[in-house]
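Chemist: Here numbering that gives the first Met the number 0 is used: position 82 in the sequence shown is 81, and no number is missing along the way.
All residues carry an ideal CB built from backbone N, CA and C; glycine is no exception.
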Amino acid sequence: MKKIFALICIISILLTFSACRKPIIETSTFTYVEKGEEILIEGTAGSGNSNNLGSANGGSNENGSSNDAGNEIIELSEEEMRYKPTTLTVTLYDSQKSIYGFTYNTTENPIKAVIQIKKKGADSWSEYALNSKKALYFDSEWQIFYHYISKAEIKLDASSTYIYRVCDTGAQKKFGKYIGSEEVTFKTKNTKSNSFSFAHISDTQRGSEQFGLSLSKITDKVDFLLHTGDIIQNPIESDWKDMIDNNFKYLSRIPMMAIAGNHEVNGGFKNYDTYNHFNNSIPPQSSTASGYFYSFVYGNAKFIMLNTNDLNGNKLTTEQYDWLVNELKSNDSKWKIVSLHNPLYSVGIWGSTNNTIALALQEQLKSIFAQNKVDIVLQGHDHTISRTYPLNENGLPENETFETINGIEYSKNPNGVIYLTNGTTGSVTRGPENYDKALFKYATASKEATWSEISIDGDKLTVVVKHYDLGKESVYYKWGINKS
Ligand SMILES: [Fe+2]
């Protein structure tokens with residue numbers, strides 16, 4: 000059924016757009032390759048090796064120091080620009096092994112797509128090839144084009160400072176000039192440390208400027224970003240460029256762990272947009288057409304990232320639900336943090352009072368989250384700021400006891416799951432609507448550029464909800480959980 004549905008979607012997209020617009024480039028060679036239940040865009044082998052793993056420290060130096068473009072501005076022709084990387088993102092591909100994922104897109108099929116990287120102060124670069132694959136994208140007129148996604152996974156030393164750049168050394172030979180990104184200073188972290196922090200960001204969609212303001216305050220403070228979806232407004236490439244390229248100076252030097260929201264498939268276009276812009280370790284059970292689910296471990300915390308675009312009757316599909324249960328039960332991390340876009344418990348228009356998806360997800364998940372001692376659930380979609388009391392397996396609030404440590408109130412071993420929304424890190428703000436006040440410790444409207452900084456230090460987890468406005472960083476709420 001999924002194959003048929005996906006084919007119908009693709010055919011309807013083509014008919015819709017081909018009927019009312021002039022011919023689109025390459026539509027005559029618009030071909031798909033079926034693989035499993037997914038329909039993949041025709042793949043083409045890019046450059047280099049299929050496995051880029053290995054230590055970048057002391058690896059082979061194929062390119063030497065012959066390319067010293069640095070960050071000088073190099074004029075590129077229109078043809079040369081087609082090889083220049085765009086929408087570069089970095090992820091924690093396998094955080095426990097200090098393997099980082101890189102993804103970028105180019106208009107043209109790369110001749111030799113590489114990442115050149117060296118420890119700060121080193122003379123020569125190590126060079127790693129990326130895998131490149133042809134993929135479909137929509138432009139702002141919803142016309143269909145192709146570009147090429149390039150991905151690599153590279154093992155780096157922990158707690159080290161690197162310089163890297165992504166470029167096409169094949170195109171460089173062809174055109175006689177450097178075609179690539181600026182050089183980036185990238186600091187790796189000790190991903191096994193039980194003392195770390197991350198920023199929960201969400202729903203940036205129509206606010207790349209507000210996202211940038213937030214990132215200017217976050218990037219050098221936390222170890223990674225966790226985005227609960229609606230990264231962009233529409234699944235069109237210009238929105239991705241607006242959001243990512245305009246914030247290159249931040250997003251190129253901090254990993255972002257993201258899940259898809261409904262806007263990544265706005266209009267029902269399941270065109271692999273999230274997969275095409277991020278490099279995560281995705282379990283085989285997960286489709287990648289409308290986003291994907293995955294998990295990772297950082298220090299003493301397990302992060303489970305769900306895909307609420309992947310629903311059946313408003314509940315997680317059997318494949319995703321079974322995977323989730325196994326992830327929860329097979330985990331011995333001190334902290335369990337679940338992230339999803341559509342909320343179970345929130346206070347806005349998509350919240351818990353009468354939204355059918357929220358109610359269905361509650362029915363399906365509230366008991367397994369509580370039974371498996373999930374600590375917090377990070378939610379998006381509602382653009383509001385809220386925190387529930389600890390909710391038990393029936394979704395009812397449990398009493399809390401508090402203790403104050405360094406001026407912050409900590410909930411002492413809460414007997415239930417605390418569900419959070421932390422506003423919009425973009426520009427689309429919303430306020431609370433009707434909600435069950437018995438469930439929520441606090442609820443308020445977000446302002447533009449809102450996020451939370453969440454730090455874990457052994458058995459304490461601290462949440463600070465912030466926003467950035469008119470050049471001033473303000474704190475909404477500050478609280479924590481103490482599991483000592
Ligand atoms: Fe949403």
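Going by DSSP in three states, Gly470 sits in which element: helix, strand or coil?
Modeler: Collapsing the DSSP output to three states places Gly470 in coil.
Chemist: Between which two residues does the alpha helix (DSSP H) containing Tyr320 stretch?
Modeler: 317-328
Chemist: Taking Cβ positions, are Ser294 and Ile235 nearer each other than 8 Å?
Modeler: no
Chemist: Three-state secondary structure (DSSP) at Glu152?
Modeler: When secondary structure is reduced to three states using DSSP, Glu152 falls in the strand class.
Chemist: From the DSSP secondary-structure annotation, give me the bridge partner or partners of Gly298.
Modeler: Answer is none; Gly298 lacks a bridge partner.
Chemist: Using a 10 Å radius around the Cβ and a threshold of 16 neighbouring Cβ atoms, would you call Pro283 buried or exposed?
Modeler: Exposed, because fewer than 16 other Cβ atoms sit within 10 Å of the Cβ of Pro283.
Chemist: Compute the beta-carbon to beta-carbon distance between Leu377 and Leu214, rounded to the nearest angstrom, for a pair I have assumed lies under 8 Å.
Modeler: Contact flag wrong, Cβ pair sits at about 18 Å.
Chemist: Alpha carbon to alpha carbon, how far is His146 from Glu77? Give it in angstroms, no decimals.
Modeler: 15 Å
Chemist: What does the alpha-carbon distance come out to for the pair Leu460 and Ile480?
Modeler: Across the structure, Leu460 and Ile480 are spaced so that their CA atoms are roughly 5 Å apart.
Chemist: In this structure, what does DSSP give as the bridge partners for Leu310?
Modeler: Leu315
Chemist: Is there at least one non-hydrogen atom of ligand 1 closer than 7 Å to the beta-carbon of Asn261?
Modeler: yes
Chemist: Along the chain, where does the beta strand (DSSP E) containing Ile356 start, and where does it finish?
Modeler: That residue, Ile356, is in no beta strand (DSSP E); its alpha helix (DSSP H) goes 355-370.
Chemist: Quick one: what does DSSP say Thr168 is sitting in, helix, strand or coil?
Modeler: helix
Chemist: What's the C-alpha gap between Ala151 and Tyr99?
Modeler: In this structure, the CA atom of Ala151 is about 8 Å from the CA atom of Tyr99.
Chemist: Look at the alpha carbon of Thr160 and the alpha carbon of Glu399, and state the distance between them as a whole number of angstroms.
Modeler: 43 Å
Chemist: Among Glu79, Val427, Asp321, Arg386, which has the Cα closest to the Cα of Val346?
Modeler: Arg386
Chemist: Using the beta-carbon count (16 or more within 10 Å), is Gly45 buried or exposed?
Modeler: In this prediction, Gly45 has a pLDDT of 27, which is less than 50 and means its spatial position is unreliable; what the coordinates show is noted afterwards. Around the CB of Gly45, 16 or more other CB atoms lie within 10 Å, so the residue is classed as buried.
Chemist: Are there 16 or more other CB atoms within 10 angstroms of the CB of Glu362, so buried, or fewer, so exposed?
Modeler: exposed
Chemist: Verify whether the separation of the beta carbon atoms of Tyr291 and Thr316 is less than 8 Å.
Modeler: no
Chemist: Under the criterion of a Cβ to heavy atom distance below 7 Å, does Asp202 qualify as lining ligand 1?
Modeler: yes
Chemist: If we ignore side chains and look at the alpha-carbon of each, how far apart do Asp458 and Gly175 end up?
Modeler: When rounded, the distance between both Cα atoms is 56 Å.
Chemist: Let's test the definition: count the other Cβ atoms within 10 Å of the Cβ of Glu447 and tell me whether it reaches 16, buried, or not, exposed.
Modeler: buried
Chemist: Taking 8 Å as the cut-off, decide whether the C-beta atoms of Val221 and Ala198 are in contact.
Modeler: yes
Chemist: Indicate whether Thr203 and Met242 have their beta-carbon atoms separated by less than 8 Å.
Modeler: yes
Chemist: Of all Cβ atoms in chain C, is any one closer than 8 Å to the Cβ of Ile148?
Modeler: Among the chains of the structure shown, chain C does not appear; only one protein chain is present.
Chemist: Ligand 1 heavy atoms versus the CB of Gly266: any closer than 7 Å?
Modeler: Result no, Cβ not under 7 Å from ligand 1.
Chemist: According to the Cβ coordinates, are Ile110 and Gly179 closer than 8 Å?
Modeler: No; because the gap between Cβ atoms is not below 8 Å, this pair is not in contact.
Chemist: State the Cα-Cα distance for the pair Pro431 and Lys172, rounded to the nearest angstrom.
Modeler: Separation of Pro431 and Lys172 (C-alpha to C-alpha, rounded to the nearest whole angstrom) is 57 Å.
Chemist: In angstroms with no decimal places, state the Cα-to-Cα distance between Ile116 and Tyr177.
Modeler: 15 Å
Chemist: Under three-state DSSP, which class holds Ala121?
Modeler: coil
Chemist: Going by CA-CA distance only, name the one from Val416, Ser94, Tyr103, Ile375 that's closest to Arg81.
Modeler: Tyr103
Chemist: Since Lys440 is in the beta strand (DSSP E), which residue starts that stretch and which ends it?
Modeler: Note, Lys440: beta strand (DSSP E), 439-444.
Chemist: According to DSSP, which residues form a beta bridge with Met256?
Modeler: Leu225
Chemist: Applying the criterion that 16 or more other CB atoms from any shown protein chain within 10 Å of the CB defines a buried residue, is Asn306 buried or exposed?
Modeler: buried
Chemist: State buried or exposed for Glu126, treating a residue as buried only when at least 16 other CB atoms are found within 10 Å of its CB.
Modeler: buried
Chemist: Pick from Ile356, Asp374, Asn265: whose alpha carbon is nearest that of Asn311?
Modeler: Ile356
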